[in-house]
Every structure is written in structure tokens, then in C-alpha cells.
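Heads up: the sequence shown runs through residues 30 to 317, numbered per the working numbering.
Some notes on the structure that comes next.
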Amino acid sequence: MQVQKSFAEHQEGTLYLVPTPIGNLDDMTVRAIDTLRSVDLIAAEDTRHTGQLLSHFGIDTRQISFHEHNTQQRIPELLDKLRAGANIAQVSDAGMPSISDPGTELVAAATAAGIAVVPLPGPNAGLTALIASGLAPQPFTFYGFLPRKATEQAATLASWVHHPATMIFYEAPHRLAKTLATMADVFGGDRRAVVARELTKKFEEFSRGTLAELQAVAANPRGEYVIMVAPGDGVQSGATDDAPTGTVIEQVQAIIDGGAAPNAAIKQVAKRLGIPRQDVYNEFHGIE
30 MQVQKSFAEH QEGTLYLVPT PIGNLDDMTV RAIDTLRSVD LIAAEDTRHT GQLLSHFGID
90 TRQISFHEHN TQQRIPELLD KLRAGANIAQ VSDAGMPSIS DPGTELVAAA TAAGIAVVPL
150 PGPNAGLTAL IASGLAPQPF TFYGFLPRKA TEQAATLASW VHHPATMIFY EAPHRLAKTL
210 ATMADVFGGD RRAVVARELT KKFEEFSRGT LAELQAVAAN PRGEYVIMVA PGDGVQSGAT
270 DDAPTGTVIE QVQAIIDGGA APNAAIKQVA KRLGIPRQDV YNEFHGIE
């Protein structure tokens with residue numbers, strides 16, 4: 030067992046996880062500003078973006094890039110600095126580090142090395158949207174971004190049809206229409222949901238209705254979106270034809286293992302998920 034006393038004396042440096050505003054710069058806390066001023070280095074997802082934030086608050090702390098494409102390269106370098114006594118703040122472009130943003134691997138490496146990791150509270154798009162959604166705020170389940178492939182997305186959502194908690198998803202504007210359409214197909218068009226966009230900004234907007242009604246929101250998508258879907262009925266179904274489990278490939282293979290021909294299994298999974306047979310065929314056979 031490892032016990033961390035965050036504010037005890039340490040020979041090593043401390044890794045601070047500092048949330049940044051999701052839109053409105055006034056949401057930056059005094060503690061976050063003071064931390065960014067006092068650390069030796071800021072590991073930023075995009076140094077240009079974070080540079081604008083630092084400039085706004087008159088912070089001149091040196092930055093280093095830390096994003097999904099250089100994680101493995103940067104972690105040893107950052108750990109060496111922490112072991113040498115440097116204090117480092119890690120930030121993403123907006124919101125909480127590690128929540129659909131870089132940070133998870135660095136935190137795991139730092140804790141494994143016995144380095145103190147201190148989180149600061151701050152902005153989070155999912156919870157900000159949830160408390161104003163009008164849906165049950167608890168229990169809730171945060172998923173983040175769904176798989177991009179239609180078949181994988183449908184399979185993931187299918188396993189959540191009966192989930193007894195409000196579900197929170199993130200989505201980019203160019204994928205909003207397809208995601209909402211898939212949700213309506215899988216959950217049913219009459220399932221209550223809320224779509225929030227541009228949170229804390231001038232054009233903040235909440236659209237509340239059924240998944241069928243919310244298709245209209247995707248007609249002119251702008252900004253980043255939070256989609257919240259009302260809880261299911263909580264029925265715990267077994268792994269039957271009406272209650273699929275696993276990825277699309279796993280579902281097809283399970284039916285084949287039961288004695289069905291591949292094409293019959295593909296057809297059955299397509300019908301089960303409510304998606305085109307060709308999409309399932311391509312996924313199963315690895316055709317892009």
C-alpha cells in the first residue's frame with residue numbers, strides 16, 4: 030500500500046494537475062493561477078494555447094509540450110525533473126487533465142515512482158452540463174468520447190441500453206449528427222436526453238428533449254458538445270441474442286462459435302444492433 034501525504038516535505042518535486050477554463054477565463058481559480066506561477070515548469074497539451082492563458086494572467090513560467098503524440102518520449106524526461114526536485118504543473122487545453130485529455134500515463138508513472146501528485150479542483154464540461162441538464166444528476170456515468178467507427182459505437186451503446194444512471198458523452202461537431210442518430214436507433218427515439226454546447230461561453234446553449242427531437246440540433250453544429258442521456262430501466266439482461274455483449278467482432282465470433290455460418294452471424298448482429306449488414310461485414314473482415 031502507498032500513502033501520499035500531499036503537503037508533507039518531499040525530497041522529490043510535486044506533480045500538480047491544474048484544470049483550466051473550458052471557455053470563460055474568469056473560471057480560473059486563484060489557487061490555479063498561483064500554482065502556475067510558482068512551479069518550475071508547465072507541461073502543456075498545446076503550448077500556444079496555454080501561452081494565451083498564461084499571458085492573460087501575467088504568468089511567465091516556462092512551458093514544455095506534453096500531448097498524446099509525445100507521451101512516451103516526455104514521461105521519462107518529466108520524471109527525471111521531478112526526481113531532481115522540480116515542481117511541475119500539467120495542464121490540458123481546457124478542463125481537467127486526464128478527463129478525455131492527456132495526463133493519465135504521466136500520473137500513473139509518477140505515482141509508481143513515489144512522486145506526489147496533487148490535483149486542483151476546477152472546470153469540467155461533463156459535470157457543468159449535468160447539473161443544469163434537468164436529468165437525474167446522480168447516479169451518473171461519464172464515458173467521454175465514443176468509438177468513431179459506427180459499428181463499435183453502436184455495440185458500445187447497445188450494452189448501455191438498460192444502464193440505470195444518467196450517461197455523459199463528449200462529441201465533436203462533425204460527428205454529432207451520426208452519434209445522435211445512432212443513439213436514437215439504439216436507445217429509442219423517445220429516450221430523454223440533453224445536448225449542451227459552448228459551455229460557459231457567450232453562446233452557451235442547452236437543448237432538451239427526446240433523442241428523436243434532438244436530431245435537429247445537428248443541423249448546424251458549432252463548438253464542442255456534451256450529450257447526456259437519461260437512465261435506462263436497470264434491467265439486468267443475460268448474454269442472449271437480445272442482450273449483446275462485447276465488440277462487433279466478438280459478437281459475430283460468438284455466434285459462429287455456436288455453429289452459425291459467418292454470413293448468418295453477421296446478419297444476426299446487424300439486425301441486433303440496428304446497423305447496416307455491410308458495416309458489420311466490413312468490421313468483422315477488417316475492411317476499411
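Glycine is no exception: its CB is placed at the ideal position from the N, C-alpha and C atoms.
Original post:
What do you reckon, are the CB atoms on Ile117 and Glu41 nearer than 7 angstroms?
Top reply: no
**OP:** Please name the residue, chosen from Pro168, Arg226, Lys34, Tyr310, that lies closest to Gly263 on a Cα-to-Cα basis.
**Re:** Pro168
Original post:
Would Ile93 pass as a contact of Gly155 if the rule is Cβ separation under 7 angstroms?
Top reply: no
Original post:
Can you tell which of Lys178, Pro148, Ala245 has the C-alpha that lies nearest to the C-alpha of Ile304?
Top reply: Lys178
Original post:
Among residues of its own chain, excluding the 5 on either side of Pro152, which ones have a beta-carbon nearer than 6 angstroms to its beta-carbon?
Top reply: Pro48, Pro50, Ile51, Asp56, Gly124
Original post:
Excluding five sequence neighbours on each side, which residues of the same chain lie with their C-beta closer than 6 angstroms to the C-beta of Ser127?
Top reply: Thr133
**OP:** Kindly provide the ranges of any alpha helix (DSSP H) runs that are 4 or more residues long and lie completely inside the region 192-232, ordered along the chain.
**Re:** 205-216
Subject >> Local conformation of Pro105 per DSSP, three classes >> reply: helix
Original post:
Grouping DSSP H, G and I as helix and E and B as strand, with all else coil, what is Asp63?
Top reply: helix
Original post:
Is the beta carbon of Val120 within less than 6 angstroms of some heavy atom of the ligand GTP?
Top reply: The ligand GTP is not part of the structure shown, which contains no ligands of any sort.
**OP:** Determine the DSSP secondary structure at Ser84, reduced to helix, strand or coil.
**Re:** helix
Original post:
Between Thr185 and Thr276, what straight-line distance do the alpha-carbon atoms span, to the nearest angstrom?
Top reply: 7 angstroms
Subject >> Gln244 versus Ala206: straight-line alpha-carbon distance, rounded >> reply: 7 angstroms
Subject >> Buried or exposed (CB count within 10 angstroms, at least 16 for buried), Lys34 >> reply: exposed
Original post:
Ala145 lies in the beta strand (DSSP E); which residues open and close that run?
Top reply: 145-148
**OP:** Return yes when the Cβ of Phe95 is within less than 7 angstroms of the Cβ of Ala72, no when it is not.
**Re:** yes
Subject >> Among Leu135, Ile62, Gln102, the one whose alpha carbon lies nearest that of Pro150 >> reply: Ile62
Original post:
DSSP on Arg301, reduced to helix/strand/coil?
Top reply: helix
Original post:
Is there contact between the region 243-261 and the region 202-221, where contact requires at least three CB pairs shorter than 8 angstroms?
Top reply: yes
Original post:
Between the Cα of Glu279 and the Cα atoms of Gly261, Ala299, Ala139, which residue gives the shortest distance?
Top reply: Ala299
**OP:** Inspect the beta-carbon positions of Ala259 and Ala213 and report whether they are closer than 7 angstroms.
**Re:** no
Original post:
With 16 other CB atoms within 10 Å as the buried threshold, where does Met257 fall?
Top reply: buried
**OP:** Indicate the three-state DSSP secondary structure (helix, strand or coil) for Val68 in the structure shown.
**Re:** coil
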